[in-house]
Amino acid sequence: MSVYLHGLSTALPPHCLAQSEVRKRAEIIFGETYPQFERLSKTFDTAGIDRRYSVVPIDWFSEEHGWADRNAAFMEGAKALFIDAAQAALDTAGWQGSEVDCVVTVCSTGLATPSLEAQVLGEMGFRDDIMRVPIFGLGCAGGVSGLSTAQSIAAGRPGAKVLLVVVETCSLSFRADRMQKADIVAAVLFADGAAAACISTEAPGAGQVISLGQGHQKTWPNTLDVMGWDVDEIGFGVIFDRSIPGFVTAEFAAAAEGALKAANLNHDEIDRYVCHPGGAKVVEAIEGALHLEQGVLDAERAVLREAGNMSAPTMLFVMRAVLDSGKTGQMMGCALGPGFTASFLPFHVGPAQSEREAA
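Residue 324 in UniProt numbering sits at position 324 of the sequence shown, with consecutive numbering throughout.
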């Protein structure tokens, strides 16, 4: 059963933080208390990020925060991002909220029970019999894994309209109390954002024809300490191991081969890998592991530069940039996240209806 993408959107929160401004603020917060800060602060300049966006203003990071106010900020910011991204995707697809049969919500940076899609049920105009599928814990792999989940649900319910919404507010996990290197790295890289996609087995009547294949995952054993959260009374504390670029170099090619084999494809048939840009070094490592020309992942670097690493939605920002550029052919979405897991999704982009008729 073929599954098609009908609309893809992205959304950013209101507070734009220049990387130079973040570095100055981090120096104020960490400079006198964290002995390695001066050495690590150079990564602000080499991370490939010019700016990113946050659900809270920069002064928020100079204050002390616990679970209650962190999650209150999450609820406010994440709900706004959900509505912005979801409504834009629905508008692109020409769908109404009341037409959506299933909504898949991916988020790993805050807690909401009832989950986010229930929190915005009235604002979005969702029906009271909508199927809700909230997913937590996928981290940076959430965009690809979420798209794979939505694809599988659509394939199993022909004709159903499935809405995927991916929301992350990474900035709210900023920690100045732990004095760990991972917290400096998080301050350098992470940001907030959201993306949404409309998916159905009904073929689109106009525009590009984007068909989604079946997703594939590879989880390595004994890697729980590579990426994830430490949870304590203050909030989430990032786990972000320095070995990630090296791990990608050593392991990613074999994982990609497994995904290609599952999709009955080979490396030479992929016109574009569409990757989650975890950081500048990770992008370089992916290019090397896949034997791609250095610099070819230009959309990944552009998204990282303009919006930072937003965790799960970031790959969908890259996907939108690639689609907007007019690129067609067989593609493979990929991302790495907690588990430690590589997530893949093959998709094919055909020409617009007018181009097909002209041919």
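In this text, a Cβ means the ideal position worked out from N, Cα and C, and glycines have one as well.
query: In terms of DSSP beta bridges, what is ILE210 paired with?
result: Position 210 of the sequence shown holds residue 210. LEU5 and VAL349, per the DSSP bridge assignment.
task: Could you name the residues of the same chain whose beta carbon sits closer than 7 Å to that of ARG51, not counting the 5 residues immediately before and after it, in chain order?
output: For this step, residue 51 is matched to residue 51 along the sequence shown. CYS16, LEU17, ALA18, GLN19 and GLU306.
- prompt: Which residues mark the beginning and the end of the alpha helix (DSSP H) in which TRP67 is found?
  reply: Within the sequence shown, numbered from 1, the residue matching residue 67 stands at position 67. Note, TRP67: alpha helix (DSSP H), 67 to 93.
message: ALA141 and ALA335 - do their beta-carbons sit closer together than 9 Å?
response: Numbered from its first residue, the sequence shown carries residue 335 at position 335. Numbered from its first residue, the sequence shown carries residue 141 at position 141. For ALA335 and ALA141, yes; Cβs fall inside 9 Å.
- prompt: In or out: MET1 buried (at least 16 other Cβ within 10 Å) or exposed?
  reply: The count along the sequence shown starts at 1 and reaches residue 1 at position 1. Its Cβ having fewer than 16 others within 10 Å, MET1 is exposed.
- prompt: According to the neighbour-count rule (16 or more other Cβ atoms, all chains shown, within 10 Å of its Cβ), is SER54 buried or exposed?
  reply: Taking the first residue of the sequence shown as 1, we reach residue 54 at position 54. When all chains shown are included, SER54 counts as buried.
- request: Apply the 10 Å Cβ neighbour rule to HIS65 and answer buried if 16 or more other Cβ atoms are within range, or exposed otherwise.
  value: The count along the sequence shown starts at 1 and reaches residue 65 at position 65. Classification for HIS65: buried.
message: Can you give me the C-alpha to C-alpha distance between ASP183 and HIS216, rounded to a whole angstrom?
response: As a first step, residue 183 is located in the sequence shown; it is residue number 183 there, counting from the start. As a first step, residue 216 is located in the sequence shown; it is residue number 216 there, counting from the start. Whole-angstrom Cα-Cα distance: 31 Å.
Three-state class that DSSP yields for LEU40 in the structure shown: Counting from one through the sequence shown, the residue named residue 40 turns up at place 40. DSSP places LEU40 in helix when its eight states are reduced to three.
- request: With DSSP as the reference, label PRO158 as helix, strand or coil.
  value: The residue labelled residue 158 in the question sits at position 158 within the sequence shown. Correct three-state label for PRO158: coil.
query: Would the beta-carbon of LEU138 be found less than 8 Å away from any heavy atom of the ligand COA?
result: Summarising the ligand content, the structure contains no ligands, and the ligand COA is consequently not present.
message: Measuring straight from C-alpha to C-alpha, what distance separates GLY329 and VAL322?
response: Working through the sequence shown from its first residue, we reach residue 329 at position 329. Working through the sequence shown from its first residue, we reach residue 322 at position 322. Rounded to whole angstroms, GLY329 to VAL322 spans 11 Å at the Cα level.
- prompt: Can you pull the DSSP bridge partners for residue 365?
  reply: The chain is shown only over 1 to 359; residue 365 falls outside these bounds and no answer can be derived.
query: Leaving out five residues before and five after GLY7 in sequence, what residues of the same chain have Cβ atoms less than 7 Å from its Cβ?
result: Position 7 of the sequence shown, counted from the start, is the residue given in the question as residue 7. Here the set comprises ALA89, LEU90, THR92, ALA93, ALA197 and CYS198.
task: Since I believe LEU297 is in contact with CYS275 (beta carbons under 8 Å), could you give me their beta-carbon distance rounded to a whole number of angstroms?
output: Translated into positions along the sequence shown, residue 275 becomes position 275. Translated into positions along the sequence shown, residue 297 becomes position 297. Their Cβ separation, rounded to whole angstroms, is 6 Å, which keeps CYS275 and LEU297 in contact under 8 Å.
task: Determine contact between the stretch 99 to 109 and the stretch 134 to 149, defined as no fewer than three beta-carbon pairs at a distance below 8 Å.
output: yes
query: In terms of residues, what are the limits of the alpha helix (DSSP H) holding ALA112?
result: Along the sequence shown, one-based indexing puts residue 112 at 112. It is not in any alpha helix (DSSP H) - ALA112 carries neither H nor E in the DSSP assignment.
query: With a CB to CB cut of under 8 Å and the five nearest residues on each side skipped, what residues in its chain are close to ASN266?
result: Position 266 of the sequence shown, counting from 1, holds the residue named residue 266. Counting only Cβ-Cβ distances below 8 Å, and skipping sequence neighbours, we find LEU260.
- request: My understanding is that GLU32 touches ILE58, with C-beta atoms under 8 Å, so please give their C-beta distance in whole angstroms.
  value: Here residue 32 refers to the residue found at position 32 of the sequence shown. Here residue 58 refers to the residue found at position 58 of the sequence shown. Actually they are not in contact, since the Cβ atoms of GLU32 and ILE58 sit about 19 Å apart, beyond 8 Å.
task: Under 6 Å Cβ to Cβ from ALA26, same chain only, skipping five residues before and after it: list those, please.
output: Reading the sequence shown from its first residue, position 26 is the one you call residue 26. So the list reads ALA187, once near-sequence residues are dropped.
Whether ARG178 touches GLY237 by CB criterion (9 Å): In the sequence shown, the residue the question calls residue 178 occupies position 178. In the sequence shown, the residue the question calls residue 237 occupies position 237. Their beta carbons are under 9 Å apart, which means ARG178 touches GLY237 by this criterion.
- prompt: From TYR4 to LYS218, what distance separates their C-alpha atoms?
  reply: To locate residue 4, count along the sequence shown from 1; it is residue 4. To locate residue 218, count along the sequence shown from 1; it is residue 218. Going by the C-alpha atoms only, they are around 24 Å apart.
query: Hey, is the stretch 335 to 348 in contact with the stretch 224 to 232, meaning 3+ C-beta pairs nearer than 8 Å?
result: yes
- request: Starting from the C-beta of PHE82, find all residues in its chain whose C-beta is less than 6 Å away, skip the five residues before and the five after it, and write them out in chain order.
  value: In the sequence shown, the residue the question calls residue 82 occupies position 82. Cβ within range, chain order: LEU116, VAL120, VAL165 and VAL167.
task: Just mark THR109 as buried or exposed, buried being the case when its beta carbon has 16 or more other beta carbons within 10 Å.
output: Position 109 of the sequence shown, counted from the start, is the residue given in the question as residue 109. With 16 or more other Cβ atoms within 10 Å, it is buried.
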